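Residues in the sequence shown are numbered consecutively from 2, following the numbering used here.
Cβ atoms here follow ideal geometry from the backbone N, Cα and C, with glycine treated the same way.
Given the structure is predicted, the values throughout are model-derived calculations rather than measurements.
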Amino acid sequence: MTGAAAAECPTCDAALVRSGGAPPHDIDIAATTNALQERVAAGRMREVAGDVPLVDMLDLFAADTKYTIVSYLACSDCDRLLFWGLCIRGAPIFKHVDHALLPPGRGDMGPTSS
Ligand SMILES: [Zn+2]
2 MTGAAAAECP TCDAALVRSG GAPPHDIDIA ATTNALQERV AAGRMREVAG
52 DVPLVDMLDL FAADTKYTIV SYLACSDCDR LLFWGLCIRG APIFKHVDHA
102 LLPPGRGDMG PTSS
C-alpha cells in the first residue's frame, strides 16, 4: 500500500469482491471465497495452509463454531501470498502477507506434490 503505482494482480487482487457495505465490512465473503476457489481449481492459485480447505470455509463460517477461519493462498501469477480470513464477529481480512508469515507445519491439508 505504498504509492499509487502498486500493480493490481489480475489473479489474486481481482478475487476480492466488494459487497457495497461500509468499510471494513465491504467484502462479499461468499463471492470472494468462490472467486478464490475458482482460481485454485484453475491452477492459478494454490492453497498452502489454512484452518480448513477453502471449499469448507463458508460451511464452517455458517456453523458459527469457530471464531476465525483463515486460509493462505499462493498466487502463481504474481508469486505473492494471500491471507484470507473470516471472523465471525469482525470484518473479513483479505491481504497479502510475507511468505515468512506462513505458519510452519500448520494447516497441512494432505500430501503435497512436488
Ligand atoms: Zn497475484
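- The secondary-structure analysis by DSSP pairs Ser72 across a beta bridge with Gly51 and Trp85.
- At least one heavy atom of ligand 1 is found less than 8 Å from the C-beta of Leu83.
- Ranked by how close their Cα comes to the Cα of Pro24, the residues Leu82, Ala92, Pro104 and Asp60 have Ala92 in first place.
- A Cβ-Cβ distance of about 7 Å is found for the pair Glu48 and Ser72, placing them in contact under the 8 Å criterion.
- Here Val41 is buried. Its C-beta has 16 or more other C-beta atoms within 10 Å.
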